[in-house]
Amino acid sequence: MLKAVLFDMDGVIIDSEPLHQKAYHGMFKEVGIQVPATLYESFTGQATLNICKQLVQYFKLNRAPEELVNIKRGIFKNLFFNDPELDLITGVRELIQEYHSNSITMVLASSASMPNINNVFTKFDLDPYFTAKLSGADLKASKPHPEIFIKAAEASGFSREECMVIEDSTNGIKAAHAAGIYCTAFKSPHSKNQDYSLANKVISSFEEIRYNAIPSFFQS
0 MLKAVLFDMD GVIIDSEPLH QKAYHGMFKE VGIQVPATLY ESFTGQATLN
50 ICKQLVQYFK LNRAPEELVN IKRGIFKNLF FNDPELDLIT GVRELIQEYH
100 SNSITMVLAS SASMPNINNV FTKFDLDPYF TAKLSGADLK ASKPHPEIFI
150 KAAEASGFSR EECMVIEDST NGIKAAHAAG IYCTAFKSPH SKNQDYSLAN
200 KVISSFEEIR YNAIPSFFQS
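Mapping of the sequence shown onto numbering that gives the first Met the number 0: position 199 corresponds to residue 198, and the numbering continues sequentially without gaps.
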């Protein structure tokens, strides 16, 4: 039986990918680099510090990765509080509320920083529904490493066999697969060229995994 759902945040709960793209490209401009689209797409689902470490190495920048992180986060923070287009992904609030009313435990497992996670949860009043929130920025390894989902399953209080991950990125799907947790891939309109081949189920709408349509894998 399904007992817990482990949610990614960006691109799954919140429609923040356009803001992240603006923030990253603002940072790229400030430090004077042009990032190829294929390289940028490979970053989806990874923690910001890990991305900035790759950028410093790739472009041989004479800057600390932490400096790039601070530039990007400063731009994103301004967008977060001022961009009127920021909103939840269509149907996700209803999904979260339905799971909660049916006693499904929910844990957030995001690569975003904890301050950013808390800003999102406060803005959209999501804290009452979640048992725990984990930030990949606080962990040793970034997705596609399975650490965040292993810890999220532990935080739920249930076995990995009783959990389901909802992810939208190649790196997140790889992390869930490596953790041995059933993964539903959400085809987010803003997560381009992601690989869903390791996902157990691929959806384009949250209607497909509402409580009464939970994958048959969990029905026995």
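Note that the Cβ used here is the ideal one computed from N, Cα and C, for glycine as well.
Since the structure is predicted, the reported quantities are computational estimates derived from the model, not experimental observations.
Item                                                                                                                                                        : Value
Let me check understanding here. Comparing Cα to Cα, which of L133, E84, K150 and L60 lies closest to H19?                                                  : E84
Would you mind giving the Cβ-Cβ distance between A177 and P145, rounded to the nearest angstrom? I have them listed as a contact below 8 Å.                 : 4 Å
To the nearest angstrom, how far is the alpha carbon of F217 from that of E161?                                                                             : 8 Å
When the Cα atoms are used, what is the spatial distance from D9 to K59?                                                                                    : 29 Å
What separation, rounded to the nearest whole angstrom, lies between the Cα atoms of N170 and L78?                                                          : 25 Å
For I13, which beta-bridge partners are listed by DSSP?                                                                                                     : D9 and L87
Between L138, P188, N118 and A111, which has its C-alpha nearest F6's C-alpha?                                                                              : A111
Is the region 130 to 147 close to the region 107 to 122, with three or more CB pairs under 8 Å?                                                             : yes
Return yes when the Cβ of I74 is within less than 7 Å of the Cβ of A22, no when it is not.                                                                  : yes
Restricting to Cα atoms, I'd like to know which of L125, V164 and I70 is closest to G25.                                                                    : I70
List the DSSP bridge partners of A109.                                                                                                                      : It is Ser, not Ala, that sits at residue 109 in the sequence shown. The partner list for S109 (beta bridge, DSSP) reads S134.
Determine, using beta carbons only, whether A198 and I165 come nearer to each other than 7 Å.                                                               : no
Once you ignore the five residues that flank E40 on each side, which residues in its own chain have a CB closer than 8 Å to its CB?                         : K191, N192 and Q193
Can you check whether the CB of M163 is closer than 7 Å to the CB of V4?                                                                                    : yes
Excluding the 5 residues flanking Q45 on each side, which residues of the same chain have their C-beta closer than 7 Å to its C-beta?                       : S110, S141, K142 and N170
Is DSSP giving I184 helix, strand or coil here?                                                                                                             : Residue identity check: residue 184 is Ala in the sequence provided, not Ile. Three-state DSSP puts A184 in a strand.
How big is the Cα-Cα spacing for E29 and H189?                                                                                                              : 24 Å
Using a Cβ-Cβ cut-off of 7 Å (strictly less than) and excluding sequence neighbours within five positions of R159, which residues of its own chain qualify? : A152, A178, G179 and I180
Would you tell me roughly how many angstroms separate the C-alpha atoms of I208 and N61, rounded to the nearest one?                                        : 47 Å
According to the Cβ coordinates, are V91 and F205 closer than 7 Å?                                                                                          : yes
I'd like to confirm something about K173: is its beta-carbon nearer than 6 Å to some heavy atom of the ligand FAD, or not?                                  : Among the ligands in the structure shown, none appear at all, so the ligand FAD cannot be discussed.
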